[in-house]
Amino acid sequence: MTSPSPSASTPRRAPHELLGLTSPAYGGDYNPEQWDEATFAEDLELMAEAGVNLVSLGIFSWARLEPREGVYELDWLVEIVDCLHEAGIAVDLATATASPPAWMATDHPESLPMNADGVRLGLGSRQQYCPSSAVYRERSAALAAVLAERLGDHPGVVMWHIGNEYGCHTAECFCPACARAFRAWLGRRYGDVERLNVAWGTDFWSQRYTSLEQVAPPAAMPTFPNPAQMLDWRRFSDHQLRSLMEAEARILRQRSTRPVTTNFMGDFPATDYWRWAEALDIISDDSYPDPADPAAAHEVAWAGDLMRGLAAGRPWILMEQAPSAVQWRRRNSPKRPGQLLLWSLARVAHGADGVLQFQWRQSRRGAETFHSGMVPHAGRDSRTWEETVATGQALTRLGPVLGEPVRAEAALVLDWESQWALSTAIGPVEVGERFETARAWHRSLWEAGIATDIVPVSRSLEGYRLIIVPAVFIDRPELAEHLERAVAAGAQVVVAGPTGVVDANAGAVLGGYLGSLRPLLGVRVADHAALTGQVQQPDPRGALVNRLSRAVGTPAAETWTGLEAVSEPLCRVLDRMGTPAPDLRVGGWAEELRIEEAPEAADENTWAGQGRQPVEVVAVFDGRGGGADLAGRPAITRRSMSGAGAGWYVAGDLDALSRAALLTLVCAHARLRPVVADLPDGVEAQRRGDVLFLLNHSDRACEVAGVVGTDLLSGQSCTGHVIVPPRSALVVHENTR
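Each residue of the sequence shown is one higher than the one before, starting from 340 at the first, in the numbering used here.
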């Protein structure tokens, strides 16, 4: 019995179709091996009360399933699956390979991971395995095979769950086995050492290799590593982890027809989820926004839109969220009253066909004792339990949402390898690893009420009115071609730096950054002009005598640079945004921009013949803040093409107000409107098919006009104005009257 793996030519099926759901999946991680039989019997009753229809089982059960190497004890697991099935609760069955048992560490110490300082990490936590370990690979594959042979056709098992949060704690390993695997990977990638020397630029700092055997992982070293080596190390480490998941997926599909998933972690920096998604039947995510963060609702939206993108526009499943507080932050705030249901509905609004938690019953012992559970330590007599039941009841009413698409006419391009290259580059500024620029642009779209897809550089952009390309550091000719076609079809494309700065091997693009995007945008980046943000407070007594240094200007020590709008449409937008006029700014990132000159004689195959217009300067650096050396230079430009499309370039990291102003103008050109216009502060609107979600994240009741249909949560008709209570939602089926 074999289940085919997904392919690019086969449309991804929705989770509810694969799992046989009539309402969104609801439940959580279930660990009955941590409790006695009486508690298990109580759990079945409580799950029925809460409306649980799916649990993840066995994620951390390897030590019980294989207590000694090669000796399996599965009867207890089969009995639990039987009981859950009889109770009407489906099982997402884990391969249990997320955390090896103690015997692997003691009998095979070489299976433990090694950090960059050469220290073997020990037993007593989780994920204590080297991704290249032969014994780990052998035993994890064997366990997956045994489980699939025993339970692959069980009617209670509806999905396979491979591993758990790959790379969360062991994203890389520097042991001898990984060094050998790295050299083998490089051999396959480059063929021979000379090609590697060219790709890595090893003539710099006398790093030239004469044999691949001389190459080592980029472990602890005296100073800066080679950025090209670091980029390939990221690719290799991602490959090693992904190959573990793919090996188990092949084994499961040979023995079972059930769909396969593994739980992602949002925009986790160590793994290129675009590649991982290709091997999975269902995309699932673990997401833990901080209730103490005022932008936490955006984290929900960002993760949901990303998962939908990874699912190629189809629905996905939230595999883990906290019913209340987590335990791993320095200080752990609980969810506020109503927030569990509100954020669960927001997940569904952004494409989820299931909402699961970590975990069902709060642990009594262990590292996650104080991580909340659907059944808390206090039991039934608690707000957490009351909200667990209320959330389950609400989700049972959302059958009409299942499988429905989120229709977005805006897209944001995300590229993991570019983020790796940017974060490993030595200069011009140190950046984080979690797509800060992309997150900022996505948040501005979300705040403006614009539904947005997140897409890879390889995906066609047909049908989008607005496309944002934020800090795609590697020059991607394929992306440039997609953008050219989109602009020719009328789309507005906004590119924000630093984009197109290096090639695929982290080598600088010569002749002006932006590379293959230069023809579309009509500009090139001559140099970066980052601000340090390290303003020196002068010694007031020293200033009396230091006659040389007190006369020196240091604009780069500032934290921001001012912009001036010079195009009339942007000026009108700024006027409408209120008084005093908005103060346009970029933060620490700025660039010296040069406009490409139009050729004196253009034929039909070049510049003018392709409908390209001269570049319009929309805003300039005005010299305020740290912009003294850039004063008067272009900061935002626009090149239009026949068909009303245009390519915009932003030579800096606009702050939130400035992004909002620019997006107002660009959306007007794109004829792009919010899902629902003129909403009160704090209210988000998303639409899936014929279902409108009105999500009130604020602390006050809000009135929304023009809502017609049936609220699926209450069954009440909506005939115009509706009131959405604080931290709650309406889910309106609009095709009913």
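Glycine residues also receive a C-beta, built at the ideal position from the N, C-alpha and C atoms.
Nearest residue (CA-CA) to residue i, options the options
i	options	result
valine 714	Ala664, Val956, Gln593 and Trp415	Ala664
valine 957	Ser981, Thr893, Val833 and Thr1058	Val833
arginine 592	Asp492, Pro628, Gly648 and Pro908	Asp492
glutamate 707	Asn671, Gly677 and Pro676	Asn671
arginine 668	Arg998, Ser711, Cys469 and Ala473	Ser711
proline 628	Asp577, Thr1049, Trp682 and Pro921	Trp682
glutamate 820	Ala787, Tyr803, Arg933 and Pro858	Pro858
leucine 800	Ala827, Leu784 and Glu786	Ala827
proline 564	Leu551, Ser545 and Thr549	Ser545
arginine 1010	Gly984, Gly872 and Ala999	Gly984
alanine 483	Thr541, Ala1000 and Arg589	Arg589
proline 448	Leu887, Ser472, Asp456 and Asp720	Ser472
glutamate 376	Val862, Gly409 and Glu418	Glu418
alanine 830	Ser979, Gly1048 and Pro363	Ser979
leucine 631	Lys674, Ile398 and Ser623	Correcting the residue identity first, residue 631 is alanine in this sequence and not leucine. Ranking Lys674, Ile398 and Ser623 by Cα distance to alanine 631 puts Lys674 first.
alanine 455	Glu511, Val768 and Gly1045	Glu511
aspartate 414	Thr445, Ala380, Arg889 and Glu372	Glu372
arginine 824	Ala380, Ala520, Gly982 and Val925	Gly982
serine 1037	Gln678, Gly731, Trp785 and Ala787	Gln678
glycine 652	Thr1058, Arg1027 and Leu1031	Arg1027
glutamate 617	Phe575, Ser582 and Asp644	Ser582
proline 879	Asp1050, Arg889 and Gly872	Arg889
Cα-Cα separation, residue i to residue j
i	j	result
alanine 940	asparagine 536	Its pLDDT being 45, under 50, alanine 940 is placed unreliably by the model, and the measurement read from it follows with that caveat. The alpha-carbon atoms of alanine 940 and asparagine 536 are separated by roughly 42 angstroms.
proline 953	tryptophan 780	26 angstroms
threonine 1003	glycine 693	34 angstroms
arginine 911	alanine 974	18 angstroms
arginine 782	proline 515	43 angstroms
arginine 977	tryptophan 987	4 angstroms
asparagine 944	serine 595	Residue confidence is low: asparagine 944 scores 49 on pLDDT, short of 50, so the model does not pin down where it sits. No coordinate-derived value is stated.
asparagine 1074	leucine 1034	19 angstroms
glycine 463	glycine 705	10 angstroms
methionine 584	threonine 601	8 angstroms
aspartate 994	glycine 927	10 angstroms
aspartate 914	histidine 355	48 angstroms
glycine 457	serine 762	23 angstroms
leucine 932	glycine 861	10 angstroms
proline 921	leucine 1001	12 angstroms
Residue environment, residue i, which counts as buried when at least 16 other CB atoms sit within 10 Å
i	result
glutamate 936	exposed
isoleucine 1062	exposed
arginine 534	exposed
methionine 560	exposed
asparagine 370	buried
leucine 884	The amino acid occupying residue 884 in the given sequence is valine; leucine does not appear at that position. It counts as exposed.
proline 440	buried
proline 633	exposed
aspartate 620	buried
aspartate 866	exposed
valine 394	buried
glutamate 897	buried
glycine 731	buried
serine 450	buried
Cβ-Cβ separation, residue j to residue i (assumed contact under 8 angstroms), whole Å
i	j	result
leucine 570	tryptophan 759	6 angstroms
valine 959	glycine 950	Contact doesn't hold; Cβ gap of about 26 angstroms is too wide.
methionine 443	tyrosine 411	That pair is no contact at about 15 angstroms.
valine 599	tryptophan 499	5 angstroms
proline 816	serine 757	At roughly 14 angstroms, the Cβ-Cβ gap does not stay under 8 angstroms, so proline 816 and serine 757 are not in contact.
leucine 909	serine 997	At roughly 10 angstroms, the Cβ-Cβ gap does not stay under 8 angstroms, so leucine 909 and serine 997 are not in contact.
alanine 990	valine 864	7 angstroms
proline 470	phenylalanine 513	The pair is not a contact, with the Cβ atoms about 11 angstroms apart (cut-off 8 angstroms).
aspartate 421	glycine 495	7 angstroms
alanine 929	leucine 969	6 angstroms
arginine 746	alanine 790	7 angstroms
glycine 802	valine 1014	At roughly 17 angstroms, the Cβ-Cβ gap does not stay under 8 angstroms, so glycine 802 and valine 1014 are not in contact.
Residue i at chain B interface by Cβ criterion, 7 angstroms
i	result
glutamate 488	The structure shown has no chain B; it contains just one protein chain.
heavy atom of the ligand ADP below 6 angstroms from residue i C-beta
i	result
arginine 597	Here there are no bound small molecules, and the ligand ADP is not part of this structure.
Is there contact here, the stretch 763–775 with the stretch 1050–1070, by at least three beta-carbon pairs under 8 angstroms?
-> Remark: fewer than three beta-carbon pairs, one from each stretch, lie closer than 8 angstroms, so the stretch 763–775 and the stretch 1050–1070 are not flagged as touching.
Could you tell me whether the stretch 1012–1028 touches the stretch 834–852, where touching means 3 or more Cβ pairs closer than 8 angstroms?
-> No, they do not touch.
So, do the stretch 1039–1057 and the stretch 656–676 have three or more beta carbon pairs nearer to each other than 8 angstroms?
-> No, the stretch 1039–1057 does not touch the stretch 656–676.
State whether the stretch 416–435 contacts the stretch 370–390, with contact taken as three or more CB pairs (one from each stretch) at a distance under 8 angstroms.
-> Judged by Cβ distances under 8 angstroms, the stretch 416–435 makes contact with the stretch 370–390, as three or more pairs qualify.
Can you find at least 3 beta carbon pairs, one from the stretch 676–696 and one from the stretch 650–660, that sit closer than 8 angstroms?
-> The stretch 676–696 is in contact with the stretch 650–660.
So does the stretch 693–703 actually touch the stretch 750–767, counting three or more Cβ pairs closer than 8 angstroms?
-> Too few Cβ pairs lie closer than 8 angstroms, so no.
Stretch pair the stretch 803–814 + the stretch 900–911: three plus CB contacts closer than 8 angstroms | No, they do not touch.
Below 8 angstroms, can you find three or more Cβ-Cβ pairs linking the stretch 499–508 to the stretch 605–624?
-> Three or more beta-carbon pairs drawn from the stretch 499–508 and the stretch 605–624 are found closer than 8 angstroms, and the two stretches are therefore classed as touching.
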